[in-house]
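Colleague: Residue numbers for the sequence shown follow the UniProt record's numbering, so the first one is 1 and each next one is one higher. For each residue, glycine too, the CB sits at the ideal point set by N, CA and C. Input: one structure, supplied below.
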Amino acid sequence: MPHISVKLYPGRSQEMKENLAHKLQECLASESGCWSNDDISVSFEEIGPEGFEETVKNAMKPEEMILTSKFVH
């Protein structure tokens, strides 16, 4: 089943991460039309600003990137 991996700066509360995870599940389930929220897992990895760009670039192949941020070109 689908898994969403979110890399972000440290400092977000557990409650904020849980709310975001539920919203991501709802969005993917709604847009796909074939998965329920319970089918979708979400994880968060906190990365400091000094290593963020390099960590994200190294974690993904260029062909896997659909949308990129200003930090990752």
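Span of the beta strand (DSSP E) holding residue 7?
Modeller: Looking at the DSSP string, the run of the beta strand (DSSP E) that includes residue 7 is 3-8.
Colleague: Three or more C-beta pairs closer than 8 Å, one from the segment 28-41 and one from the segment 50-57: is that the case here?
Modeller: Flag = no, the segment 28-41 and the segment 50-57 do not touch.
Colleague: Are residue 66 and residue 28 closer than 8 Å when you measure CB to CB?
Modeller: No.
Colleague: Hey, out of 6, 1, 2, whose CA is closest to residue 60's CA?
Modeller: For the residues 6, 1, 2, the minimum Cα distance to residue 60 belongs to 6.
Colleague: Considering only the beta carbon of each residue, do residue 9 and residue 45 sit closer than 8 Å?
Modeller: Result no, Cβ atoms of residue 9 and residue 45 do not sit closer than 8 Å.
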